[in-house]
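Okay, so here's the structure we're looking at.
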C-alpha cells in the first residue's frame, strides 16, 4: 500500500519532534537523540539523520534557516505545515492502542504540542480503546483454556494492557496540576 506523502515514518516523527522547540542541525539532533534516551529504543544512526532531514524538507515539514555560525552546519526549523502534521501525529499516536510502541513513546515526549484539553481527549480515547482491548482478550482467553501457551500469551498481553490502564489513569490525574518538586 503506498504511503501518503504527509505520513511520517517513526524516524521522521522523532526528528520532526526534536525540531519543535528550536532550529537544529544534524549533529545537534544526534546529540539530542542520545541525551533524551531515544537511542535506547529507536534505531536512528547518525548517518540516517541527514537523510531524514532531506525527506522532511522535501515534504515541506522543515526548512533550512542558515548555517550555525560556529560550525557552518545547516540548521533546520519546523514549518507551520510540519507543526500541524506533528500535532496530528501526536494526537493520532496517543489515541491509537494498536500504533507502534515507538510512535507512542515519541508522542508522549512531544505531547506538549497539544493543549491540555486535546491531550486529555486523546488519553480518554486511548483509555476506552484499552478497555475494549482488555474485554476482547478476556473473551478470547476464555476460548483458549485448552492451550497453555496461548493462555500465557494472552495473560502477558492482559498484564501489559492493565499496566497501561493504570499509567493512563495516573497520568490523566496529573494533567493541569502544577508539578511537585522532587524534594517534597
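In UniProt numbering, the protein residues as written are 1 to 184. All C-beta atoms in this analysis are idealised placements derived from N, C-alpha and C, irrespective of residue type, glycine included. As the structure is a computational prediction, the values presented were derived from the model and not from experiment.
(message) Tell me the residue span of the beta strand (DSSP E) that contains residue 36.
(response) Here residue 36 belongs to no beta strand (DSSP E), and DSSP marks it neither H nor E.
(message) My parser needs the alpha helix (DSSP H) runs of 4 or more residues fully inside the stretch 78-135; what are they?
(response) 80-95 and 101-109
(message) DSSP three-state label for residue 64, please.
(response) strand
(request) Report yes or no: do three or more beta-carbon pairs, one from the stretch 51-64 and one from the stretch 88-103, lie closer than 8 Å? (result) no
(request) Tell me whether the beta-carbon of residue 165 lies closer than 8 Å to the beta-carbon of residue 123. (result) no
(request) Compute the distance between the beta-carbons of residue 113 and residue 52, then report whether it is under 8 Å. (result) no
(request) With DSSP collapsed to three states, give me the class of residue 55. (result) helix
(request) Determine contact between the stretch 24-41 and the stretch 127-146, defined as no fewer than three beta-carbon pairs at a distance below 8 Å. (result) no
(message) Can you tell me whether residue 106 is buried or exposed? The criterion is at least 16 other CB atoms within 10 Å of its CB, across all chains shown.
(response) buried
(request) Tell me residue 76's beta-bridge partners as DSSP assigns them. (result) 24 and 64
(message) Applying the 10 Å Cβ sphere with the 16-neighbour rule, what's the burial state of residue 26?
(response) buried
(message) I need the straight-line Cα distance from residue 231 to residue 145, nearest angstrom please.
(response) For the chain, the structure presents residues 1 to 184; residue 231 sits outside this window and is missing.
(message) Could you check if residue 15 belongs to the surroundings of the ligand FAD, using beta carbon to heavy atom distance under 7 Å?
(response) This structure does not include the ligand FAD; it has no bound ligands of any sort.
(request) Would you mind sorting residue 103 into buried or exposed? The rule is 16 or more other CB atoms within 10 Å of its CB. (result) buried
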